[in-house]
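Structure, as C-alpha cells:
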C-alpha cells in the first residue's frame, strides 16, 4: 500500500485540492442558468480525482475515463453551455 501511495504525483494531488477549492464558489453561485457550467466544472473535478486514482488502481481504464469523461466531456459541456448562452443573448437582443 505504501509503495502505491508513493506513486502519486504531488502536482496531481495539488490539482485535486485546487479543483475542490474552486468548486466551492461554483456551487455557491450556481443557478438554473449556469447548470451546464457547473456540470462541466464537476467533470473537470472527476478528471482530477481519476488522475490520482489511476496511479493506484486500474491504470489503463481510469486513464481512458480521465481523458474521455474528465477532459473531453467537460469540453463538450462547456461548448454546449457557450452555444446555449449565445443563443439566449441573441434572442434577448431581438
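Residue numbers (our numbering): -5 to 88.
Note that the Cβ used here is the ideal one computed from N, Cα and C, for glycine as well.
Length of the line joining the Cα atoms of residue i and residue j
{"i": "residue 16", "j": "residue 31", "result": "13 Å"}
{"i": "residue 79", "j": "residue 8", "result": "32 Å"}
{"i": "residue 70", "j": "residue 61", "result": "12 Å"}
{"i": "residue 87", "j": "residue 77", "result": "15 Å"}
{"i": "residue 21", "j": "residue 11", "result": "16 Å"}
{"i": "residue 68", "j": "residue 36", "result": "8 Å"}
{"i": "residue 3", "j": "residue 50", "result": "11 Å"}
Residue i in three-state terms, based on DSSP
{"i": "residue 131", "result": "Lying before the first or after the last residue shown, residue 131 is absent from the chain, which here runs from -5 to 88."}
{"i": "residue 49", "result": "coil"}
{"i": "residue 3", "result": "coil"}
{"i": "residue 84", "result": "helix"}
{"i": "residue 23", "result": "coil"}
Cβ separation of residue i and residue j, assumed to be a contact under 8 Å, to the nearest whole Å
{"i": "residue 13", "j": "residue 42", "result": "4 Å"}
{"i": "residue 48", "j": "residue 56", "result": "4 Å"}
{"i": "residue 64", "j": "residue 83", "result": "Residue 64 to residue 83, Cβ: 29 Å. No contact."}
Own chain partners of residue i with C-beta closer than 6 Å, once the 5 adjacent residues on each side are dropped
{"i": "residue 6", "result": "45, 46"}
{"i": "residue 24", "result": "32"}
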